[in-house]
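Residue numbers (our numbering): 105 to 226. Working notes, beginning with the structure itself.
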């Protein structure tokens with residue numbers, strides 16, 4: 105059987121509660137009732153997106169940028185509004201909004217430094 109594609113994305117966090125609050129406040133994500141106690145799984149489609157406590161041996165403070173080399177893109181319905189809210193509250197905008205083949209697109213750093221790109225073309 106061949107692999108059929110990505111099915112789950114999870115980011116390890118320094119502070120699970122703070123990261124959950126960030127993603128709920130700025131991206132409007134809603135926590136699913138599914139998931140283990142050391143993680144927060146959000147109700148996202150078509151692929152599940154989650155946050156979790158640090159796995160043993162993981163040191164996010166020992167790297168310049170967690171997840172370097174991986175591209176994490178999330179679809180949003182109002183990219184500009186999310187950008188404006190993050191910028192107004194002083195969060196790091198890595199790449200300003202542009203219009204391109206994936207619609208309105210920009211990249212921000214989450215509380216742990218992961219680079220997350222939002223786009224609005226479905």
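All residues carry an ideal CB built from backbone N, CA and C; glycine is no exception.
Provide the residue span of the beta strand (DSSP E) that contains residue i, from first to last.
i           : result
residue 187 : Segment 183-192 is the alpha helix (DSSP H) holding residue 187; no beta strand (DSSP E) there.
residue 178 : 176-179
residue 155 : 152-157
residue 223 : 219-223
residue 173 : Counting along the chain, residue 173 falls outside any beta strand (DSSP E), and DSSP gives it neither H nor E.
residue 201 : 197-204
residue 208 : 207-213
residue 145 : 143-146
Is the Cβ-Cβ distance between residue i and residue j less than 8 Å?
i           : j           : result
residue 219 : residue 169 : yes
residue 195 : residue 208 : no
residue 215 : residue 121 : no
residue 210 : residue 197 : yes
For residue i, which residues from the same chain have a beta carbon less than 6 Å from its beta carbon, with the 5 sequence-adjacent residues on both sides left out?
i           : result
residue 114 : 154, 156
residue 143 : 154, 156
residue 112 : 152
residue 187 : 201, 210
residue 171 : 218
What are the start and end residues of the alpha helix (DSSP H) that includes residue i?
i           : result
residue 115 : From DSSP, residue 115 is part of no alpha helix (DSSP H) but of the beta strand (DSSP E) over 112-117.
residue 61  : Because the chain spans 105 through 226 in this model, residue 61 falls outside it and cannot be assessed.
I'd like the list of long-range same chain contacts for residue i, defined as Cβ closer than 8 Å, with 5 residues on each side in sequence excluded.
i           : result
residue 147 : 133, 134, 135, 136
residue 126 : 214, 215
residue 180 : 131, 186, 222, 223, 224
Report back the beta-carbon spacing between residue i and residue j to the nearest angstrom; my notes put them in contact at under 8 Å.
i           : j           : result
residue 116 : residue 158 : 5 Å
residue 175 : residue 221 : 7 Å
Which same chain residues end up closer than 7 Å to residue i when comparing Cβ atoms and leaving out the 5 residues on each side of it in sequence?
i           : result
residue 110 : 151
residue 226 : 179
residue 189 : 130
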